[in-house]
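Right, one structure below, let's go through it.
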Amino acid sequence: MNILEETKQNIREALREAVLANGFAKEEEIPTIILETPRDKNHGDYASNLAMQLARVAKKNPREIAEGIVAHFDKEKASARTLEVAGPGFINIFLDPRFLRQVIPAVLRDGAAYGRSEAGEGTSVLVEFVSANPTGALHLGHARGAAVGDSLCNILDMAGYKVEREYYINDAGNQIDKLALSLDIRYLQALGQNVEMPEDAYQGPDIMRIADAIVNDHGDAFVSLPEKERREKFRELGLDYLLEKLKADLKDFRVSFDTWFSETSLYMSGKVEETLETLRANGEVYEEDGATWFQSTRYGDDKDRVLVKNDGAYTYLLPDIAYHKDKLDRGFDTLVDLFGADHHGYIARMHAAIQALGFPKEKLEFQVGQNVNLVKGGERVKMSKRTGNAVTMRELAEDVGLDATRYFFAMRSVDTHLDFDMDLAVEESNENPVYYVQYAHARVSSLFAQAAEKGVAYDPEGELDLTLIDSEKAYELLKKIGEFPEMVAGAAEQYAQHRIPNYLHELSSAFHSYYNAERIVDPEAPALTQVRLALANATQTVLRNGLTLVGVHAPEQM
RNA sequence: GUCCCAGUAGCUCAGCUGGAUAGAGCAACAGCCUUCUAAGCUGUAGGCCGCAGGUUCGAGUCCUGCCUGGGACGCCA
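The first sequence lines up with residues 1 to 558 when you count with the UniProt record's numbering.
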């Protein structure tokens, strides 16, 4: 347990004992004690509303209870300096900040592992994200999904969950048939044959590129095959090329997946059939108008959904249900689906489906990514200037830089609309929040260099006189550093990746402020220099750990 | 028509499971570099938290209704 949590625990303990000493309530009547951090510093480091909560049980007014608690509170135990009763009965606790000094050696010891906790208790989570159709380039919405999903996984991992990242490949639908057809034609055309592209085929240049690549790799090996086999071959090859491209795009975006799950594999293994049969056996489906329906309204969906069309083909929903069943059968405690807003209609029916299969609804968590607007010069940008098509993930990262792109997406809650300000993201100035944080990190590196130059080189292994740390600014910085593990755990629990950038900004601010207030490198005072550098070092470690969660580099210099 | 998301300072957004006088960045204004990176710091100003009800000791946060903006609602995937 880290120092802040330990201290909070001690405070709770001291409060509980004080309540009992007063006889305000019996042990079992005491509610879970909530310690909140007041916005206003005049209200202490922590505040408790315990007295108000006990008012009913103790049959006394809250202020009176609070006074009693304060009188019997063991300050020593709780590292507290003073307690005050305020307002309607809040107990404001002012800590003796010296205990915070212990944060320094703790962070230095844990290094890259500082921030890790057991909060998730090993809960296994499968996060499915991006899952874009492989037939096109990844666009803005996917970029947001990739950035958010990846950060979320990093956060969950750090908070003690067992995480897997998965990409679901829709490789069984019409669009893949169309892909095979389009490739076939382009292939034949590339080899000089006079064949026409059908209207409904993919006309885009990327298909031609793949066809050329196939010609390059395999020559005319497929020309003599019968059409059906050729199509089958192109289906396979086309998918290979597209997936390779997809993986490369994502890798360059610093995102990788543990599993690429193929829809087709669900058909091959018979799991689609099996799912249908299970639903049938559970009495969840019925026949009407020649189609097979899933009675999803039983579980709160607004209408029933077709699983098998009257022409005998499956709707997309059935394999998707089979997919979720497969994920659950693999034994994950929680599934997280991160989708774009255009799929939100899907939530109710999928929740219905897993319940119909006998799983609790709570096992499936949806995160809906709302739309992204690119803004440039105060105007919305819809199309890429280069291609005339929608702006792709790759273009965006190239235009504004990967660090800024990842940071900007991670910075906002996924479920809100996002205006991505390209001018701001590109700007190499103080207006850009990414630089603010990275600058703080680089500044620490520069301090080490300065110290070495002035003959008081930082010794990470050296003895520290922690008592030399004793200022308001330093304690504020230490407190922020100490909050990191709890903050990560909270972000994981709420699936709120955006708290990380917010936190990093606050941490950077505390550091910049400290830096301006105190001279860190002072050859006249080597012991002081060492301990201040240690504090800077600890700050840098946390900045780096936090930036890593977001997928952003922590530069040594800028 | 039903559903989802949003509405908080001029702009972009935080506000964790309801808690005290609502925060940050940018923009505005006033200061701080012969000294560790000024991509920084310090301060000032700026708000009927969309509107109206309700729940309670207490609401930006929960409930209901309405308004505005964005999006989704197929035997497409």
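We put the beta carbon where it would ideally sit given N, CA and C, even for glycine.
First and last residue of the uninterrupted alpha helix (DSSP H) at residue i
i, result
"Ser513", "Arg499 to Ala517"
"Asp399", "Met393 to Val400"
"Ser151", "Leu140 to Met158"
"residue 559", "Since the first residue shown for the chain is 1 and the last is 558, residue 559 is missing from the structure and cannot be characterised."
"Ile34", "Where Ile34 is concerned, there is no enclosing alpha helix (DSSP H), given that its DSSP letter is neither H nor E."
"Gln438", "Pro433 to Glu453"
"Leu242", "Glu227 to Asp252"
"Leu279", "Lys271 to Ala281"
"Pro205", "Pro205 to His218"
Close-in-space but distant-in-sequence residues of the same chain around residue i (CB under 7 Å, 5 per side omitted)
i, result
"Gly145", "Phe129, Val130, Leu338, Gly340 and Gly369"
"Ala492", "Ala119, Gly120, Ile155, Leu156, Ala159 and Tyr161"
"Ala442", "Pro555, Glu556, Gln557 and Met558"
"Lys473", "Ser513, Tyr514, Ala517 and Glu518"
"Val148", "Leu338, Gly369, Phe409, Ala410, Val414 and Gln497"
"Asn545", "Ala112, Tyr114 and Gly115"
"Phe511", "Ala440, Leu477 and Thr539"
"Asn61", "Ala55"
"Lys479", "Leu100"
Own chain residues within Cβ distance below 8 Å of residue i, not counting five before or after
i, result
"Asp184", "Glu227, Arg230, Arg231 and Phe234"
"Leu547", "Val437, Gln438, His441, Leu504, His553 and Ala554"
Identified DSSP bridge partners for residue i
i, result
"Lys75", "Bridge partners of Lys75: none, in fact."
"Gln367", "Leu338"
"Met383", "Ala390"
"Asp329", "According to DSSP, which records beta bridges pairwise, Asp329 is partnered with nothing at all."
"Ser471", "Answer by DSSP bridge pairing: none, since Ser471 is not bridged."
"Phe420", "Leu374"
"Ser124", "Lys162"
Coarse secondary structure for residue i, derived from DSSP in three states
i, result
"Gly345", "coil"
"Gln295", "coil"
"Gly551", "coil"
"Glu427", "coil"
"Arg16", "helix"
"Ser131", "coil"
"Ala172", "coil"
"Phe24", "coil"
"Thr259", "strand"
"Arg165", "strand"
"Leu191", "coil"
"Glu287", "strand"
"Glu461", "coil"
"Ala119", "coil"
"Ala47", "strand"
"Tyr114", "coil"
"Tyr407", "helix"
"Tyr314", "strand"
"Arg63", "helix"
"residue 559", "Outside the displayed span of the chain (1 to 558) sits residue 559, for which this structure offers no information."
"Gly136", "coil"
"Ser265", "helix"
"Leu108", "helix"
"Leu533", "helix"
N- and C-terminal bounds of the beta strand (DSSP E) containing residue i
i, result
"Asn92", "Phe90 to Leu95"
"Asn373", "Val372 to Lys376"
"Val85", "Ala80 to Ala86"
"Arg305", "Arg305 to Val308"
Local Cβ density within 10 Å of residue i, reported as buried at 16 or more and exposed below that
i, result
"Met350", "buried"
"Ile34", "exposed"
"Leu225", "exposed"
"Val488", "buried"
"Gln494", "exposed"
"His218", "exposed"
"Gly192", "exposed"
"Asp150", "buried"
"Glu362", "exposed"
"Thr405", "buried"
"Asn282", "exposed"
"Gly238", "buried"
Contacts around residue i, its chain only, beta-carbon distance under 6 Å, and the 5 residues preceding and following it disregarded
i, result
"Arg116", "Met158"
"Ala352", "Ser296, Tyr299 and Asp301"
"Phe484", "Gly115 and Val542"
"Ala47", "Glu36, Pro38, Phe90 and Asn92"
Check: residue i C-beta below 6 Å from any heavy atom of the ligand ADP
i, result
"Ala221", "Among the ligands in the structure shown, none appear at all, so the ligand ADP cannot be discussed."
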